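What follows is a single structure, written as structure tokens, with notes after it.
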Amino acid sequence: MPKIVILPGDGIGPEVTAAAVEVLREVAPDVTFEEHAIGGGAYDQYGDPLPPITRDALADADAVLLGTVGGAHNSPWNLLPRPLRPESGLLALRKLLGCYANLRPVRVQPGLEHLSPLKPELARGVDILIVRELLGGVYFDQDRKIEGDTAYNTMRYTTAEVERVAKVAFWAAEQRRGRVTSVDKANVLEVSELWRRDVTALRDRDYRNIHLNHEYVDSVAMLIVSDPSRYDVIVTENLFGDILSDLAAVIPGSLGLMPSASLGDGAGLFEPIHGSAPDIAGKGIANPAAAIMSAGMLLRHGLKRSDAANQIDRAVALALREHPTPDLGGKADTKTFTRAVLNAMGSPSVG
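Just so you know, the sequence shown maps onto residues 681 to 1031 in my numbering.
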């Protein structure tokens, strides 16, 4: 019986995660759930943003569903030493699970083009998958320091790290439209020269059916909002991927429409990309669509249940059209939207 570890986290995390679990129970009744703490709430309870009890539960998990981590900018959590801050719990979680490839789909739902800040003719039909390397680069390199009025971080990659995330991108492209854009800054950075060399060599060796294009990150930052339909799968390193995926998140019209999956050698991590939104936490108005779609990605990539994942995707698309939440210009609260998703799947109840 598959085991999913639920990490509701902070802010609106518990609300949107509860909605996603309700949907998962409907389409996967054989799955067991085990809930644990992470982030600021975990620090308050255990003095650790990723406490031992949570780490132990992850050891035999088949998948992990995460809510949100962190608080407001003026939260006391932000005054803690960096290793004790909520976000450090998230980084530690990714490293513990070995999740080196982050998949972020950027899709404009049919009939919802008007929500995008882009012109409808640009937004219509946008379907991009950003594959971000998640365990390397400046975020994880230990060669970092502040010394007086000087500070430095180091970006470092090995061929093995580049190849393993590129394989995920090429595999994804095989399931989609067969095009990969590798993003770097090879005209300036030696690490990007290695990245470009290794991605090209891998394609030429193992994925000759995939069309590979290389583009500089500054150019992609412009083109992803001015000509988004040019992209199918984008693969890039950690820092560039962080920035580009947040930029691309504006295209569908709301962060509440952006799920994600982080994959590696063990249990996958599935989470909405939006923040903890402490200003609306507890009000029952948070958009749970991204969390519910993340549950769909969990079924597809974590449990290999594509039919159930497709069922969730169709139900969410219908609910978005008929019962939009306040961030999408509608009035549906969290429970109303969740009920609409369940109704679309044939269930009238919300727990």
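All C-beta atoms, glycine included, are put in the ideal place defined by N, C-alpha and C. Note that the coordinates shown come from a computational prediction; the quantities given were computed from them, not determined experimentally.
What residue range does the alpha helix (DSSP H) around residue i cover?
| i | result |
| --- | --- |
| Leu1055 | The structure shown does not extend to residue 1055, since the chain spans only 681 to 1031, so no value can be given for it. |
| Tyr896 | Unbroken run through Tyr896 is the beta strand (DSSP E), His891 to Tyr896; no alpha helix (DSSP H). |
| Lys847 | Thr839 to Gln855 |
| Glu870 | Glu870 to Asp886 |
| Ala999 | Ser986 to Glu1002 |
| Thr834 | That residue, Thr834, is in no alpha helix (DSSP H); it is neither H nor E in DSSP. |
| Asn918 | Asn918 to Ala928 |
| Tyr726 | Gly720 to Tyr726 |
| Ser768 | Pro766 to Leu777 |
Between residue i and residue j, how many whole angstroms is the CB-CB distance? I'm expecting something under 8 Å.
| i | j | result |
| --- | --- | --- |
| Val701 | Ile686 | 6 Å |
| Gly936 | Asp993 | 15 Å between Cβ atoms; not a contact. |
| Val879 | Val842 | 6 Å |
| Pro732 | Glu715 | About 16 Å separates the two Cβ atoms, so there is no contact after all. |
| Ser940 | Leu783 | 6 Å |
| Thr734 | Ala717 | 6 Å |
Name the residue from the options whose alpha carbon lies nearest to the alpha carbon of residue i.
| i | options | result |
| --- | --- | --- |
| Gly721 | Phe920, Ile692 and Val711 | Ile692 |
| Arg836 | Val818, Ala846 and Thr830 | Val818 |
| Arg888 | Trp851, Asp736, Met973 and His1003 | Trp851 |
| Ala999 | Ser899, Val1021, Gly982 and Ser974 | Val1021 |
| Leu943 | Tyr723, Ala846 and Ile718 | Ala846 |
| Ala849 | Ala781, Asp829 and Lys799 | Ala781 |
| Ala973 | Val996, Val930 and Lys799 | In the sequence under discussion, the amino acid at residue 973 is Met, which differs from the Ala named in the question. Residue Val996 is the option with its Cα nearest to Met973. |
| Leu770 | Gly747, Glu714, Val930 and Leu978 | Gly747 |
| Pro785 | Ala1024, Thr830, Ala961 and Val930 | Val930 |
| Pro932 | Ser899, Ile923, Ala970 and Glu951 | Ala970 |
| Leu760 | Tyr723, Thr1005 and Asp736 | Tyr723 |
| Val749 | Ala961, Leu798, Ala975 and Met681 | Ala961 |
| Gly982 | Thr697, Glu951, Ser899 and Pro797 | Glu951 |
| Asp922 | Ile953, Ser899, Arg910 and Ser934 | Ile953 |
| Asp886 | Leu773, Arg844, Met938 and Leu798 | Arg844 |
In chain order, what residues of the same chain lie with their CB nearer than 7 Å to the CB of residue i, ignoring the 5 residues before and after it?
| i | result |
| --- | --- |
| Ser768 | Pro729 and Arg762 |
| Arg876 | Ser862, Asp864, Ala866 and His894 |
| Leu802 | Pro908 |
| Ala853 | Arg859, Val860, Ile890, Asp912 and Val913 |
| Glu873 | Ala866 |
| Val1030 | Low confidence applies here, because Val1030 scores a pLDDT of 38, under 50, leaving its location unreliable; read the following figure in that light. Cβ within range, chain order: Glu702, Lys1015, Thr1018, Arg1019 and Leu1022. |
| Arg883 | Phe850, Ile890 and Leu892 |
Cutting at 8 Å between CB atoms, please list the residues of its own chain near residue i, excluding the five before and the five after it.
| i | result |
| --- | --- |
| Asn918 | Arg812, Glu813, Leu814, Leu815, Gly816, Gly817, Val818, Tyr819 and Phe820 |
| Arg1001 | Gln789, Gly791 and Leu792 |
| Lys775 | Leu815 and Phe820 |
| Tyr832 | Asp823, Arg824 and Lys825 |
| Gly751 | Asp690, Gly691, Gly720, Trp757, Asn758, Pro766, Ser956 and Pro958 |
| Gly1009 | Leu795 |
| Leu777 | Leu738, Val744, Ser942, Gly944, Gly946, Ala947, Gly948 and Leu949 |
| Leu979 | Leu704, Val707, Ala708, Arg985, Ser986, Ala988, Ala989 and Ile992 |
| Leu927 | Ala901, Ile904 and Val905 |
| Met1025 | Val703, Glu706, Val707, Gln991, Ile992 and Ala995 |
| Met681 | Asp710, Val711 and Thr712 |
Give every residue of the same chain whose Cβ lies closer than 6 Å to the Cβ of residue i, excluding the five residues on either side of it in the sequence, and list them in chain order.
| i | result |
| --- | --- |
| Asp823 | Thr834 |
| Pro709 | none |
| Pro1028 | Its pLDDT being 47, under 50, Pro1028 is placed unreliably by the model, and the measurement read from it follows with that caveat. There are no such residues. |
| Val897 | Val863, Lys865 and Phe920 |
| Lys683 | Thr712, Ala741 and Asp742 |
| Arg787 | Asp807 |
| Thr839 | Asp878 |
| Glu695 | Ala966 and Thr1014 |
| Thr1005 | Asn967, Ala1012 and Phe1017 |
Does residue i come within less than 9 Å of chain D when only Cβ atoms are used?
| i | result |
| --- | --- |
| Asn1023 | Within the model displayed, chain D is absent; a lone protein chain is all it includes. |
Terminal residues of the continuous beta strand (DSSP E) containing residue i?
| i | result |
| --- | --- |
| Ile808 | Asp807 to Glu813 |
| Phe950 | Gly948 to Phe950 |
| Asp864 | Arg859 to Asp864 |
Contact the stretch 855 to 868 vs the stretch 884 to 897: 3+ CB pairs below 8 Å: Counting Cβ pairs under 8 Å, three or more are found: they touch.
At least three beta-carbon pairs within less than 8 Å, the stretch 961 to 971 to the stretch 1008 to 1027: Taking 8 Å as the limit for Cβ pairs, the verdict is that the stretch 1008 to 1027 does touch the stretch 961 to 971.
The stretch 804 to 815 contacting the stretch 737 to 745, beta-carbon criterion three pairs below 8 Å: Judged by Cβ distances under 8 Å, the stretch 804 to 815 makes no contact with the stretch 737 to 745, as fewer than three pairs qualify.
Stretch-stretch touch, CB-based, cutoff 8 Å, three pairs: the stretch 901 to 908 with the stretch 749 to 758: No contact exists between the stretch 901 to 908 and the stretch 749 to 758.
Sufficient close CB pairs (3 or more, under 8 Å) joining the stretch 910 to 925 to the stretch 862 to 869: Flag = yes, the stretch 910 to 925 and the stretch 862 to 869 touch.
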